[in-house]
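Data block below; observations after.
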Amino acid sequence: MEGVLDLALSDSDPSLSSTSKRKRAKKGTACTACRVKKRRCDGGKPSCTPCIRDSEPVCVYTVLKLRARTAILQDKVNQLEAQVTLLESAFNAADIGLDASTIFARITGRSAHSGASERSLSTASLKTQSKELLCQLQTQLQSSASSPLGSWWNTDEEPPSGLVAILANRFAKYEHQFTHDLLPAEFYESLRDPDPDTGPHPGLRNVIFLIACHYSPGPLSILESVFLRRARSHLSESLARTDRLLDYVEAQTLLGTYYINKGRCSKYGSHDDACCRLR
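Right, here's the structure in full:
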């Protein structure tokens, strides 16, 4: 239909023939009528071809203030950098055992209960809270058996649930250095179950806690020897009883990487032989 109209207009007025062949106007330079009716404007002045064709009473051009593409891209970069900073802060908060609602608030910029009341939390305050919690943990580890953490490291008791959460988050942060087949979220949830008969084998649990302590400078490194002793004991028992041997193989692999990182390859020799025999 447009072709027929253009032909008719060109026959009646030769001046319109060249106008109809004009290129499409640049983005943001179309007249108001074409913009409202979503027509292809050619930017002709004083009147564009579509306005002449549709007998528009006026053809008005409104200058739009368009931002430069570089400025738009820079804004997106700034937003992404801000999100990365928030995510890093959230991971640091997870490492020191903050609850899920607090982490959610720091990632999204709002409270899970009060909406958007708090948009951000400074990095300085996060570092201060981290230092305070680590100092509390160090005091508890070095105090007597009457401390809130008790003396579980001297007995066969499982570590407190809060400490398990800290260690699980720490291992998850460095898991990519040990395997490309990352563990699912359900596995980390099962670490919170203290029952040794359910979930992953205690040997695997303690190896994970051991590696988490290895990558935790400060008070948590004190527990490294505790989890190493427990891991070796449980793994020997797993092999003797043929209990959850897949967990045994995975634990021995992680333990071997731990020994290599510590420069103690000879310690891993006997465990590696046992693991290879299972294969």
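Taking full-length UniProt numbering, the leading residue of the sequence shown gets 1, the next gets one more, and so forth.
All C-beta atoms, glycine included, are put in the ideal place defined by N, C-alpha and C.
Every value quoted in this text rests on a predicted model; they were computed, and no experiment measured them.
Note down the Cα distance separating L80 from R69, rounded to an integer number of angstroms.
Their Cα atoms are separated by approximately 17 Å.
DSSP beta-bridge partners for C31?
BP columns for C31 point to Y61.
Residue range of the alpha helix (DSSP H) that K254 falls in?
According to the sequence as given, residue 254 is Leu; it is not Lys. Element bounds for L254: 245 to 262.
Would the stretch 237 to 244 count as touching the stretch 179 to 191 if we require 3 or more Cβ pairs under 8 Å?
No: the two stretches stay apart, fewer than three of their Cβ pairs being nearer than 8 Å.
Please go through the same chain and pick out, in chain order, the residues whose beta-carbon is closer than 6 Å to the beta-carbon of T32, but skip the five residues on each side of it.
Closer than 6 Å at the Cβ level, and outside the excluded window around T32, lie V60, T62.
Under 8 Å between the Cβ atoms of R39 and P50?
Closer than 8 Å, so yes.
Put Y188 into one of helix, strand or coil per three-state DSSP.
In the structure shown, Y188 sits in a helix (DSSP, three-state: H, G or I).
Go ahead and label I260 buried or exposed: buried means 16 or more other beta carbons lie within 10 angstroms of its beta carbon, across all protein chains shown.
I260 is exposed by the Cβ-count criterion.
What is the residue span of the alpha helix (DSSP H) that S238 lies within?
S238 -> alpha helix (DSSP H) spans 224 to 241.
Express the C-alpha separation of E158 and G263 in angstroms, rounding to a whole number.
Approximately 28 Å, taken between the alpha carbons.
Going straight from the alpha carbon of T198 to that of S161, what length do you get?
In a straight line, the C-alpha of T198 is about 16 Å away from that of S161.
Whose CA, out of P196, G218, L223, P219, lies closest to the CA of F209?
Minimum Cα distance to F209 is reached at L223.
Taking Cβ positions, are residue 284 and F171 nearer each other than 8 Å?
One cannot answer for residue 284 here, as it falls past the ends of the chain, which runs 1 to 279.
What is the DSSP secondary structure of R205, counted as helix, strand or coil?
Reduced to three states, the DSSP call for R205 is helix.
Can you give the beta carbon distance from A251 to G203, rounded, assuming they're within the 8 Å contact cut?
Yes, they are in contact, since the Cβ atoms of A251 and G203 sit about 5 Å apart, within 8 Å.
Between S233, L163, T242, which lies nearest to L191 when the distance is taken from Cα to Cα?
Comparing Cα positions, the closest option is L163.
What whole-angstrom Cβ distance do D247 and H201 have, given they're in contact under 8 Å?
About 4 Å separates the two Cβ atoms, so the contact holds.
Quick check: what's the CA-CA separation for D181 versus W152?
Distance between the alpha carbons of D181 and W152 is about 32 Å.
Can you give the Cα-Cα distance for C48 and Q74, rounded to whole angstroms?
Going by the C-alpha atoms only, they are around 35 Å apart.
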